[in-house]
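Protein sequence lines, in the order shown, are assigned to chains P and U. For the first sequence, the numbering used here assigns the number 345 to the last residue and increments by one with no breaks. For the second sequence, the numbering used here assigns the number 345 to the last residue and increments by one with no breaks.
Protein chains: 2
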Amino acid sequence: MRVALLAHELFPDRAKTAVGVLRYADHEVAAVLDRTRAGERVADHLPEVQDAPIVAGIDDVDEPLDALIVGIAPIGGGFDESWRPDVAGALERGCDVFAGLHYFLGDDEEFAALAEANDCRLWDVRRPPDDLTVAEGRADEVAADVVLTVGTDCSTGKMTTTMELAASARERGIDAAVVPTGQTGILIEGWGIAVDRTVSDFTAGAVEQMVRERGDDHDLLVVEGQGAITHPAYSAVTCGILHGAMPDALVLCHEAGREAVHGYESFPIPDPSQHVALYEDLAAPVAAASVAGGSLNTSHIADDAAAQAAVSAFGDAIDAPATDPVRFGTDTVLDAIR
Amino acid sequence: MRVALLAHELFPDRAKTAVGVLRYADHEVAAVLDRTRAGERVADHLPEVQDAPIVAGIDDVDEPLDALIVGIAPIGGGFDESWRPDVAGALERGCDVFAGLHYFLGDDEEFAALAEANDCRLWDVRRPPDDLTVAEGRADEVAADVVLTVGTDCSTGKMTTTMELAASARERGIDAAVVPTGQTGILIEGWGIAVDRTVSDFTAGAVEQMVRERGDDHDLLVVEGQGAITHPAYSAVTCGILHGAMPDALVLCHEAGREAVHGYESFPIPDPSQHVALYEDLAAPVAAASVAGGSLNTSHIADDAAAQAAVSAFGDAIDAPATDPVRFGTDTVLDAIR
């Protein structure tokens, strides 16, 4: 697919989805739409991902174009009316439009009519499918090894670790696939269920459905985790993913130096070792799984030696091989889970 | 309120909601509708709850009547078309209709029109409110002590224990209220949120909202738990309630002799002591709470002495005072949590 990424006014630092697609998706990116940076290039900001021009609007993107992906999610997940000409323009050109907003483009009368008239797909990836149901406790029947990324908090690198592990496994010749559970992962992979939007009773069932759908076609599934089992607000989603995926192994993701739950600063984050015990004890009654590796986000540590020391200390704390997958690759962790 | 309870063909053994309302609700029950038992009385079957006539249909219920409560939930939660004349008849009489079905009566064109024409309330208690959001981690700010019932499985007596604890506390002069989280509890109490139907991300938030709404008006809140933290399908809901309620104490509910997860027979139920550790370890990072008491459902043990022995053994296993609240009252557990 050849895609354009809408990221007005937020590229690249606050355009997590757009950057994720640039870095990990199997799409050719025709352009990034950011009216404040028109004329610049992706490579000016992110030299390590595929390059593309940055343009002011959809009319500046050349053919052929298969899809426009909304690559930003403002606080609250609303739709910014300034994006309307781009979305409408894409549909008028016959492009599909994919978005991970709380506001569903498919419920917008203008967009729905344009999509129908031009035979395009409007895919709101956060809208759960209609056929979800409760888990049966059968995800462990699949042929693939199943690895789940878990965290000590939100935004500790679970999505990144998931993508890096799968990519490294494929480089080794292992048939690995990602099971995406959040909007960025879904937009990168082109399928998946936003598990935090399902009916609560179907949380585990949604993950089980995905694992069973893909688990016999691959040797390794890496399931993208969400939240943290110790999180005051999001632990339900984390718990449902843990029990629905019935993983063989866990990879614990932590951010170096983070001591309090992001946005819930009065809640200290328990030690990583305490997270290991909690995740393993909670997994065991449904499907035993141990924390086989650790992933430490050291992006706030400037010095490589200090980052390596932090990774080593993290590995010691959780008694498992650790890495920063972006900085030091995933070999040590991949060795541990395979 | 004076209410009628629809329980066609299922009263009393498979009419959990109707029996719950008869036993615990603060309503006068005018009649039970069960066409297969018309002419009998509630007291013929349940001598320990309020008596009422059993009638064939809504037209046999005398005035005044405030509400019809659908007191059964068939497998799948569908609406049985044979109930239509009763629901329509109630609305035509100006009665409210409350139901805990998956099928929402408010989405039924005939019922919606009748409710509007007769100025009645159609309350589908499983439909979550529109204003739910993520938890803030603030449920522990309320003035009331908060006790949560937790379980080793579904259907271990959490709803019953919740109701019995609150009733016993009130008998002692404690201003106690129930926070209902499932359809039967909601229909008994007349308010509440069916937590298993919320968006997964809002599970904890829904419980927090309820605790904060009522927690400053009472001395004791007893929060009705759901599922089990070890359940292959429903643990997400359990986890969200645990972290959303931020309880001061837990009461662990178990059924004597049950060894496998109901409906998931390949999953053994871990020992009650293991549940104590799991619930306490999982609660601690958000709000420390210990299992202060145990509730054992001994209804399948005929002999009182054997039941008492089972309760004692359960108390020893969890290292906390235990009872069967229906058989032996709640004094020992109430002493432990207050």
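Ideal Cβ positions, reconstructed from N, Cα and C, are used throughout, including at glycine.
Q.
I need the DSSP call for Leu108/P, collapsed to helix, strand or coil.
A. As a working note, residue 108/P is residue 101 in the first sequence. If DSSP states are grouped into helix, strand and coil, Leu108/P belongs with coil.
Q: Would you please verify whether the beta carbon of Thr237/U is less than 7 Å from any beta carbon of chain P?
A: As a working note, residue 237/U is residue 230 in the second sequence. At least one chain P Cβ lies under 7 Å of Thr237/U.
Q: Mark Thr163/P as exposed unless 16 or more other C-beta atoms lie within 10 angstroms of its C-beta, in which case mark it buried.
A: Start at 1 with the first residue of the first sequence, and residue 163/P comes out as number 156. Answer is buried; the Cβ neighbour count reaches 16.
Q. Is Ala329/U helix, strand or coil when you go by DSSP?
A. Residue numbering aside, residue 329/U sits at position 322 when the second sequence is read from its first letter. In the three-state reduction of the DSSP assignment, Ala329/U falls in the strand class, which pools E and B.
Q | Alpha carbon of Gly270/U to alpha carbon of Val206/P, nearest angstrom | A | Indexing the second sequence from 1 puts residue 270/U at position 263. Indexing the first sequence from 1 puts residue 206/P at position 199. Looking at the two C-alpha atoms, the distance is approximately 20 Å.
Q: Would you list the one or two residues that DSSP bridges to Leu228/P?
A: The residue you call residue 228/P lines up with position 221 of the first sequence. Bridge partners of Leu228/P: Val153/P and Ala184/P.
Q) By Cβ distance below 6 Å, which residues in the same chain neighbour Thr169/P in space, the five residues on each side in sequence not counted? A) Position 162 of the first sequence holds residue 169/P. Correct list, in chain order: Thr156, Val185, Val229 and Glu231.
Q) Does the beta carbon of Leu285/P come closer than 7 Å to any beta carbon on chain U? A) Along the first sequence, read from residue 1 onward, the residue named residue 285/P stands at position 278. The Cβ of Leu285/P sits closer than 7 Å to at least one Cβ of chain U.
Q: Measure the beta-carbon distance from Gly247/P to Tyr241/P and round it to whole angstroms, keeping in mind my assumption that it falls under 8 Å.
A: For the purposes of this step, residue 247/P is identified with residue 240 of the first sequence, where counting begins at 1. For the purposes of this step, residue 241/P is identified with residue 234 of the first sequence, where counting begins at 1. Not quite, the Cβ-Cβ distance comes to about 11 Å (not below 8 Å), so this is no contact.
Q: List the endpoints of the continuous alpha helix (DSSP H) containing Leu139/U.
A: Within the second sequence, numbered from 1, the residue matching residue 139/U stands at position 132. Where Leu139/U is concerned, there is no enclosing alpha helix (DSSP H), given that its DSSP letter is neither H nor E.
(Q) Just to confirm my understanding: we take Arg21/P, look at its own chain, exclude 5 residues before and 5 after, and list those with CB closer than 8 Å. What are they? (A) Taking the first residue of the first sequence as position 1, residue 21/P is located at position 14. Cβ neighbours of Arg21/P within its own chain (closer than 8 Å, five residues either side excluded): Ile79.
**Q.** Presumed contact (8 Å Cβ cut-off) between Leu257/P and Leu285/U, rounded CB distance
**A.** Numbered from its first residue, the first sequence carries residue 257/P at position 250. Numbered from its first residue, the second sequence carries residue 285/U at position 278. Contact flag wrong, Cβ pair sits at about 16 Å.
Q: Kindly indicate if chain U contains any beta-carbon less than 7 Å away from that of Thr305/P.
A: In the first sequence, counting from the first residue as 1, residue 305/P sits at position 298. Interface annotation, Thr305/P: not in contact with chain U, CB-CB separation never under 7 Å.
**Q.** Boundaries of the alpha helix (DSSP H) in which Phe118/U is found, first to last residue
**A.** To locate residue 118/U, count along the second sequence from 1; it is residue 111. Where Phe118/U is concerned, the enclosing alpha helix (DSSP H) stretches over Glu116 to Ala124.
Q) chain U partners of Asp203/P, CB-CB under 7 Å? A) On the first sequence, residue 203/P is found 196 positions in, with the first residue counted as 1. Correct list: Ser207 and Asp208.
Q.
Nearest by alpha-carbon distance to His282/U: which of Tyr31/U, Asp160/U, Ala176/U and Val36/U is it?
A. Mapped onto the second sequence, residue 282/U falls at position 275. For His282/U, the nearest C-alpha among the options comes from Asp160/U.
Q | Supposed close pair Arg100/U, Leu72/U - CB separation, criterion 8 Å | A | For the purposes of this step, residue 100/U is taken as residue 93 along the second sequence, with counting starting at 1. For the purposes of this step, residue 72/U is taken as residue 65 along the second sequence, with counting starting at 1. Going by Cβ atoms, the distance from Arg100/U to Leu72/U rounds to 6 Å, so yes, they are a contact pair.
Q: Along the beta strand (DSSP E) that carries Leu17/U, what are the first and last residues, could you check?
A: Here residue 17/U corresponds to residue number 10 of the second sequence, with the count starting at 1. Boundaries cannot be given for Leu17/U, as no beta strand (DSSP E) includes it and DSSP labels it neither H nor E.
Q: From the DSSP output, in three-state form, read off Leu29/U for me.
A: Taking the first residue of the second sequence as 1, we reach residue 29/U at position 22. When DSSP states are grouped into helix, strand and coil, Leu29/U belongs to the helix group.
Q | Gly192/P beta carbon less than 7 Å from that of Met166/P | A | The sequence position of residue 166/P within the first sequence is 159, counting from 1. The sequence position of residue 192/P within the first sequence is 185, counting from 1. Yes; because the gap between Cβ atoms is below 7 Å, this pair is in contact.
Q | Enclosing alpha helix (DSSP H) for Leu13/P [first to last residue] | A | Sequence index remark: in the first sequence, residue 13/P carries index 6 (1-based). The continuous stretches of alpha helix (DSSP H) do not include Leu13/P, which lies in the beta strand (DSSP E) extending over residues Arg9 to Leu13.
**Q.** Reference Val132/P; option with closest CA among Asp147/P, Ala124/P, Leu108/P and Ala151/P
**A.** Here residue 132/P refers to the residue found at position 125 when the first sequence is read from its first residue. Checking every option, the nearest Cα to that of Val132/P belongs to Leu108/P.
Q: Would you check if there are 3 or more beta carbon pairs closer than 8 Å linking the stretch 117–125 of chain U to the stretch 219–226 of chain U?
A: At 8 Å Cβ cutoff, the stretches do not touch.
**Q.** Candidates Asn125/U, Asp33/U and Ala150/U, of which the one nearest Arg219/U by Cα
**A.** Sequence index remark: in the second sequence, residue 219/U carries index 212 (1-based). Among Asn125/U, Asp33/U and Ala150/U, the Cα nearest to that of Arg219/U is on Ala150/U.
Q: Pick out the complete beta strand (DSSP E) segments inside the stretch 269–303 of chain U, 3 residues or longer, and give them in chain order.
A: Within the stretch 269–303 of chain U, the beta strand (DSSP E) runs of at least 3 residues that lie entirely inside it are, in chain order, 271–275.
Q) Just how far apart, CA to CA, sit Val153/U and Asp208/P? A) If you number the second sequence from 1, residue 153/U lands on position 146. If you number the first sequence from 1, residue 208/P lands on position 201. Cα to Cα, Val153/U sits roughly 24 Å from Asp208/P.
Q.
Please tell me whether Asp288/P has its Cβ less than 7 Å away from any Cβ of chain U.
A. Here residue 288/P refers to the residue found at position 281 of the first sequence. It does: the Cβ of Asp288/P has a partner Cβ on chain U nearer than 7 Å.
**Q.** Assumed close pair Leu349/U, Ala176/U - CB separation to whole angstroms, cut-off 8 Å
**A.** Coverage of chain U is limited to positions 8 through 345, which leaves residue 349/U absent and any answer about it impossible.
Q | Cβ shell of Pro332/P (< 6 Å), same chain only, five flanking positions each side left out | A | In the first sequence, residue 332/P corresponds to position 325, counting from 1. Residues of the same chain with a CB within less than 6 Å of the CB of Pro332/P, apart from the 5 flanking positions on each side, are Thr168, Glu171 and Ser302 in chain order.
Q | Nearest-angstrom Cβ-Cβ length linking Leu13/P and Leu29/P, presumed shorter than 8 Å | A | The sequence position of residue 13/P within the first sequence is 6, counting from 1. The sequence position of residue 29/P within the first sequence is 22, counting from 1. Here Leu13/P is actually not in contact with Leu29/P; their C-beta atoms are around 13 Å apart, not less than 8 Å.
(Q) Just to confirm the assignment, what range does the alpha helix (DSSP H) spanning Val214/P have? (A) Taking the first sequence and counting its residues from 1, the one referred to as residue 214/P is at position 207. Per DSSP, Val214/P belongs to the alpha helix (DSSP H) from Thr210 to Arg221.
Q.
Can you confirm whether Tyr110/U, when its beta carbon is compared against all beta carbons of chain P, has any partner nearer than 7 Å?
A. Indexing the second sequence from 1 puts residue 110/U at position 103. It does not; no Cβ of chain P falls within 7 Å.
(Q) Ignoring anything shorter than 3 residues, give me the beta strand (DSSP E) runs that lie fully in the stretch 21–103 of chain P, in order along the chain. (A) DSSP runs (the beta strand (DSSP E)) wholly in the stretch 21–103 of chain P: 35–40 and 74–77.
Q. Looking at the unbroken beta strand (DSSP E) that takes in Ala256/U, where does it start and where does it end?
A. Taking the first residue of the second sequence as position 1, residue 256/U is located at position 249. Ala256 to Glu262 is the extent of the beta strand (DSSP E) around Ala256/U.
Q.
Under 9 Å, CB to CB, which of the residues in the stretch 11–32 of chain U have a partner in chain P?
A. Nothing from the stretch 11–32 of chain U brings a Cβ to less than 9 Å from some Cβ of chain P.
Q: Would you grab the beta carbon distance between Ala37/U and Val68/U for me? Rounded to a whole angstrom, and I think it's under 8 Å.
A: Along the second sequence, read from residue 1 onward, the residue named residue 37/U stands at position 30. Along the second sequence, read from residue 1 onward, the residue named residue 68/U stands at position 61. Taking a contact as a CB-CB distance under 8 Å, the pair Ala37/U and Val68/U counts as one, their CB atoms being some 5 Å apart.
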